Every structure is written in structure tokens, then in C-alpha cells.
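I have placed the structure first, in the form of C-alpha cells, so that the comments after it can refer back to it.
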């Protein structure tokens, strides 16, 4: 019996009310969810506002960059909330959001870029990948520093050799606002959809 096929379509975003905030969850491995995530971010009206919930270990840096690019390109006014983890490549779309919220239990892993391949790669190709990733890592570190409005030195201190940064630490650095849904009576009041 053949496996079911995914139906690819672009919803008519004109039928969505751009005044009503939307919600998207960015969870799990970005690479495995790439098509669905990109579809979600292109199905909401340009210039609209919404909330993106993060609980992602990361994935392909290109997928993270693509989501962040869509957020900015489409003029989406996004409030990001880290429910659990927002690590690695998921940091790019998180940093692209206009308002960022974390809890005392949020965790964000900053680390140097990694490359892995299951293919047999010739030395010349591996050398080119290494050159490309070094250059890409430098550009993306500058981008994260700019989007998060933190000194490059602060980012480098977290990235090399790699560090788990907590929600309170991120708030202390001025990157995100801290709220506690476990102790605050109505934590949703802290969520100001931009």
C-alpha cells in the first residue's frame, strides 16, 4: 500500500484576519519540520502579528536562517516565547522576533557551528565545506549579535566552547523579558503581542 502524500498548498492568506494574532509552534528538530514550518510562516498575512512558541533543539542552520529571514522579509511582528529549549539553529528565528520572553526554566544552547555528512566526501569538498562554514559562522555570529543587541564578545563567550544560557541570564543581558507562568497569577498578561 503506498504511503500517503503530503498535499502542498498555499492557503489564501487574504481570508485570514490580519488583525487577529496567530500562533505558531517551533518545536523539535528544525530540519525534520522545515517544509511545515516554512509553510506556516508563509500562510499568515504579511505584516501581521502573532506569537511563536519555541521548544527546539535546533537543526540545520539553513532552516533557522530561512525562518528568521521569512519573519523579517514578510514584516511579521512576532512575540517569541521560549517554553523549554531554544538552542542552536533555533536561535536565529528567536533573535529575529521583535519581542522575546523567557521563563526561569528556559534554556538556550549557544555553540560553534557543526557539520556532519553521511556521504563519502572527497578531501577537496570537505575543505570547501570547512571554509564555507567558518565564513558562514562569522556572518551569523554578527547577525545574532546585531539582532539580540549584545556585544559580539558576549556572544563569543557563550558560543565558544558552547554554553547553556538560562532564561534569567538572557533577561539580565537585555535580550528577553523574564516571566514565570508557574508563580504569576495571570502570566498571559506579560505577553504583549507587538
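Residue numbers (our numbering): 108 to 301. Cβ coordinates follow ideal geometry from the N, Cα and C atoms, glycine included. Only a predicted model underlies this, so the values are computations on that prediction, with no experimental measurement involved.
A buried status is given to residue 217, since no fewer than 16 other beta-carbon atoms sit within 10 Å of its beta-carbon.
The beta carbon of residue 214 sits closer than 6 Å to those of 192 and 271, all from its chain and outside the five residues before and after it, given in chain order.
Each of 266, 252 and 133 was checked against the Cα of residue 185, and the nearest Cα belongs to 133.
Annotation: the continuous alpha helix (DSSP H) that includes residue 141 extends over 141-150. Annotated as distal: residue 200 and residue 158, with beta-carbon spacing of 8 Å or more. Residue pairing by DSSP places residue 187 opposite 159 and 207 in a beta bridge.
In the displayed model, residue 257 falls within coil according to three-state DSSP, outside both helix and strand.
Following the DSSP letters along the chain, one finds residue 168 inside the alpha helix (DSSP H) bounded by residues 168-180. In the structure shown, residue 136 falls within a strand segment according to DSSP collapsed to helix, strand and coil. Minimum Cα-Cα distance from residue 176 among the listed residues 209, 250 and 291 corresponds to 250. When 179, 229 and 195 are compared, the shortest CA-CA separation from residue 205 is found for 179. Separation of residue 149 and residue 156 (C-alpha to C-alpha, rounded to the nearest whole angstrom) is 13 Å.
About 7 Å separates the CB atoms of residue 188 and residue 298; that is less than 8 Å, so the two are in contact.
Residue 147 counts as buried, since no fewer than 16 other beta carbons sit within 10 angstroms of its beta carbon. Cβ atoms of residue 161 and residue 183 stay farther apart than 8 Å, at about 15 Å. In the DSSP secondary-structure assignment, residue 284 is bridged to 208. Contact check for residue 256 and residue 281: beta-carbon distance about 7 Å, within the 8 Å limit, so the pair qualifies.
In the three-state reduction of the DSSP assignment, residue 290 falls in the coil class, being assigned neither a helical nor a strand state.
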